[in-house]
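For what it's worth, this note's numbering labels the leading residue of the sequence shown as 22, then goes sequentially.
To keep things clear, I will list the structure first and then write my remarks on it.
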Amino acid sequence: MTIEFLDGGRLWLLLVVAMLGAGYVAALRWRRRATVRFTQVDLLDRVAPSRPAWRRHVVAALQLAGLGLAVVAIARPVERTTERTESEGRILVLFDVSLSMMATDVEPDRLAAAKQAARDFVDQVDPSIEIGLVSFSGRVAVEVPPTLDRNALERGVEGLELAESTAIGDALDTGVDVLESLADDTADEDGDGDGADEGDGETDGAEDDELAPGAIVLLSDGET
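Structure follows, in structure tokens:
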């Protein structure tokens, strides 16, 4: 099981958090150098009573930690299992996340209605069928590779966000590529154990028949 980020590009914001931390440390050092030396010790005690040094930094540390966690959260981390399991087939759901999906001609809007339609569809699919999720707008992203893990799929659907443009053709090409790649991997695994039948056309045909079927489901309003 691994942790992946659906919007990993946002993790660069952690650099901003690190820069804020470095700025805080630099400000502390500058403050020490610029401290005015008091000649009257009693006055110094009244103006700036001594207190544990670590207490002054707790608030800043908590704020930086909170910012770091917020950045990780908006990068949309998900748990994914890397262990391959047997399946009876694969389905890729291509999900339109273009800006037109914010239209409210259906309740509450097209995006929410499409998400619910995707959930209803997944609920009707046999648990032995792998389902993957691909989002498309101006760019295409494989949000969830074909998996039997319905929880991972639900998280992927829930985390979908809108963007500009609609690249339906690119999404279909990506869907076909994903299914073909998985089919090739399965064929390679099945063929590793027995090389005696190489060159036998009937055997090759039998292997093709044993490959799990694949299908693509397109959820789109057809607009940009």
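For glycine and all other residues, C-beta sits at the position ideal for the given N, C-alpha and C.
Here the structure is a predicted model, which means the values were calculated and not measured.
I'd like the ranges of any alpha helix (DSSP H) spanning at least 4 consecutive residues and lying wholly in the region 130-169.
131-145
Under 9 Å, do S186 and S241 count as touching if we go by C-beta distance?
no
Exposure label - I95; buried when at least 16 CB within 10 Å:
exposed
CB contact flag (I112, E151, <9 Å)
yes
Could you check what DSSP says for A184 in three-state terms: helix, strand or coil?
strand
Same chain only: Cβ atoms within 8 Å of A184, ignoring 5 sequence neighbours per side:
V118, S119, L120, S158, G159, R160
By a C-beta neighbour count over all protein chains shown, 10 Å radius and 16 as the cutoff for buried, is V79 buried or exposed?
exposed
Spell out the partners DSSP gives R111 in its beta bridges.
E151, G235
Quick one: grab the DSSP three-state call for S121.
helix
Should G44 be labelled buried (16 or more other beta-carbon atoms within 10 Å of its own) or exposed?
exposed
Using DSSP with H/G/I as helix, E/B as strand and the rest coil, what is E244?
coil
Which value, in whole angstroms, describes the spacing of the CA atoms of V92 and L41?
14 Å
For the beta strand (DSSP E) containing E25, list its first residue and its last residue.
Note, E25: beta strand (DSSP E), 23-26.
How far does the alpha helix (DSSP H) with R76 in it reach, from first residue to last?
76-95
Just to confirm, are A138 and L154 a CB contact at a threshold of 9 Å?
The answer is no: Cβ separation not under 9 Å.
Sequence-distant residues of its chain with Cβ nearer than 7 Å to G214 (five each side left out)
Low confidence applies to G214: its pLDDT is 47, below 50, so where it sits in the model is not reliable enough to give any reading.
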